[in-house]
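Worksheet: one structure, shown below.
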Amino acid sequence: MLTLISAMSSNMEIYNTFGIPATADRYLVVEEESQLRGMLSSGQLVSPYLILGGGSNVVFTKHFPGTIIHLENKGIRMLEETPGQGDVLVESAAGEVWDDFVRHCVAQGWYGVENLAAIPGTVGAAPVQNVGAYGVEAKDIVYRVRAFEIATGVERVFTNEECQFAYRNSVFKGALKNRYIIWSVVFRLHKQFTPNLQYKALLEALQAAGIEQPTPQQLADIITDFRWRKLPRPEEMGSAGSFFKNPVVSVAQFEELRSAYPDIVAYPISEGYKLAAGWLIERAGWKGRSLGRCGVYDKQALVLVNHGGCTGAEVVALADAVAQDVHKLFGVTLEKEAIII
Ligand SMILES: Cc1cc2nc3c(=O)[nH]c(=O)nc-3n(C[C@H](O)[C@H](O)[C@H](O)COP(=O)(O)OP(=O)(O)OC[C@H]3O[C@@H](n4cnc5c(N)ncnc54)[C@H](O)[C@@H]3O)c2cc1C
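Note that our numbering has the sequence shown beginning at 1201, numbered continuously upward.
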């Protein structure tokens, strides 16, 4: 017997921050581990499957002809203190809202996650694309991930290394895409607060606020405020945040680009240079422009936005047009960060 925690009719719309009308054959909400185990062992799940958290990194382009699984499991607890090292292992259920988790950690005196404040979505999705902001990525703090294979129901624990974290990527977005349900994540955090202020714009925002040595709370607040000045709030304008990844090019290609465009924005990394995709899009003339009801955000060219009634097909058409022009101008390929469904 399939444990149907909650089922929606196929006409019901599924929440996503882009605000795109989306439907699926089945939509299951799971709150308890026993329900999940029962559901997986029943062998009656209708494929294809899609695990959906807060819907903040997806673009629905059509009706989903299968089962959407949405986790609503809750709970955050400290598992262990590692004496001498000042670290704590903190476990969070996948269904927790990411920002609630960040705020809870700050309040408890568990540090290292403050720079990731206000990223939309859930804890379970954070390892999937190795969420990152202001010089910190999930890979820096994820200790292990507990997940269930959908096809077999078998539980598996992934170490940080086994997650194969990379820039906005992991094994869950690659080889094991849609194969595992992440049920909980253990983070390694610190009891000693050492603010990570390596991101220049963040340092400037703190200076502008007259703060030299921020408390963890102040740091999370400043980051939250800073983010929402640059990004559209989902309740006001639909988007999936940064739509493209910042492309990585070789040193030789970067030098060539820099001689043609001396003001190009780029950061040196071990593989060469990471180019600011927003700068490329802006220089290709797309900032603030629209195609149909989908547009390039006028405050940040890396973000595609829903101007009202936009469909997934319109988002993809705009993304392709932008990527094509960037390639024509710079010879650089833009890869989508958002997941097209
Ligand atoms: C305004 C805005 C700003 C953003 N800023 C940032 C940012 O600064 N940095 C950043 O990295 N991202 C950012 N994002 C993108 C997004 O917030 C993150 O990717 C987030 O982790 C997605 O969480 P979600 O729960 O909404 O996942 P969803 O969009 O629901 O799903 C994303 C992917 O994860 C999979 N998934 C979700 N939950 C699970 C689970 N429990 N088990 C297995 N797979 C799962 C889904 O199948 C899908 O492939 C932003 C988005 C918006 C709208």
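Glycine included, every Cβ here is placed at the ideal spot set by N, Cα and C. Bear in mind the structure is a predicted one, so any value in this text is a computation, not a measurement.
Where residue i falls: helix, strand or coil (DSSP)
i	result
residue 1536	strand
residue 1478	helix
residue 1278	strand
residue 1512	helix
residue 1411	coil
residue 1251	strand
residue 1261	coil
residue 1207	Bear in mind that a pLDDT of 49 at residue 1207, under 50, signals an unreliable position, so the model cannot answer this.
residue 1528	helix
residue 1316	helix
residue 1225	strand
residue 1449	strand
residue 1393	coil
residue 1201	Low confidence applies here, because residue 1201 scores a pLDDT of 35, under 50, leaving its location unreliable and the question unanswered by this model.
residue 1424	helix
Residue i versus the options, residue with shortest Cα-Cα distance
i	options	result
residue 1476	1391, 1458, 1490, 1488	1458
residue 1308	1328, 1389, 1369	1389
residue 1431	1363, 1489, 1497	1497
residue 1470	1372, 1366, 1237, 1424	1366
residue 1316	1345, 1423, 1534, 1468	1423
residue 1338	1412, 1350, 1322, 1440	1322
Identity of the residues DSSP links to residue i by a beta bridge
i	result
residue 1332	1337
residue 1293	1384
residue 1307	Answer is none; residue 1307 lacks a bridge partner.
residue 1358	1345
residue 1504	1496
residue 1217	The partner list for residue 1217 (beta bridge, DSSP) is empty, contrary to what the question assumes.
residue 1271	1230
Whole-angstrom distance between residue j and residue i, CA atom to CA atom
i	j	result
residue 1332	residue 1215	23 Å
residue 1449	residue 1243	45 Å
residue 1529	residue 1260	29 Å
residue 1257	residue 1221	15 Å
residue 1537	residue 1462	27 Å
residue 1312	residue 1319	15 Å
Ligand 2 heavy atom lying under 7 Å from the CB of residue i
i	result
residue 1335	Looking at this structure, you won't find ligand 2 anywhere; what it does contain is ligand 1.
(message) For the pair the stretch 1388 to 1404 and the stretch 1413 to 1423, tell me if three or more CB-CB distances fall below 8 Å.
(response) Output reads yes: the stretch 1413 to 1423 touches the stretch 1388 to 1404.
(request) Count the CB pairs spanning the stretch 1228 to 1238 and the stretch 1248 to 1262 that are closer than 8 Å, and state whether there are at least three. (result) A contact is defined here as three or more CB-CB pairs under 8 Å, and the stretch 1228 to 1238 fails this definition with respect to the stretch 1248 to 1262.
(request) Count the C-beta pairs between the stretch 1354 to 1361 and the stretch 1280 to 1287 that are closer than 8 Å, then say yes if the count reaches three, no if not. (result) Too few Cβ pairs lie closer than 8 Å, so no.
(request) Say whether the stretch 1272 to 1282 touches the stretch 1293 to 1301, bearing in mind that this needs 3 or more beta-carbon pairs closer than 8 Å, one atom from each stretch. (result) Yes, they touch.
(message) Under 8 Å: do the stretch 1479 to 1490 and the stretch 1513 to 1528 share three or more Cβ pairs, one atom per stretch?
(response) The stretch 1479 to 1490 makes contact with the stretch 1513 to 1528: 3 or more CB pairs, one atom from each, lie closer than 8 Å.
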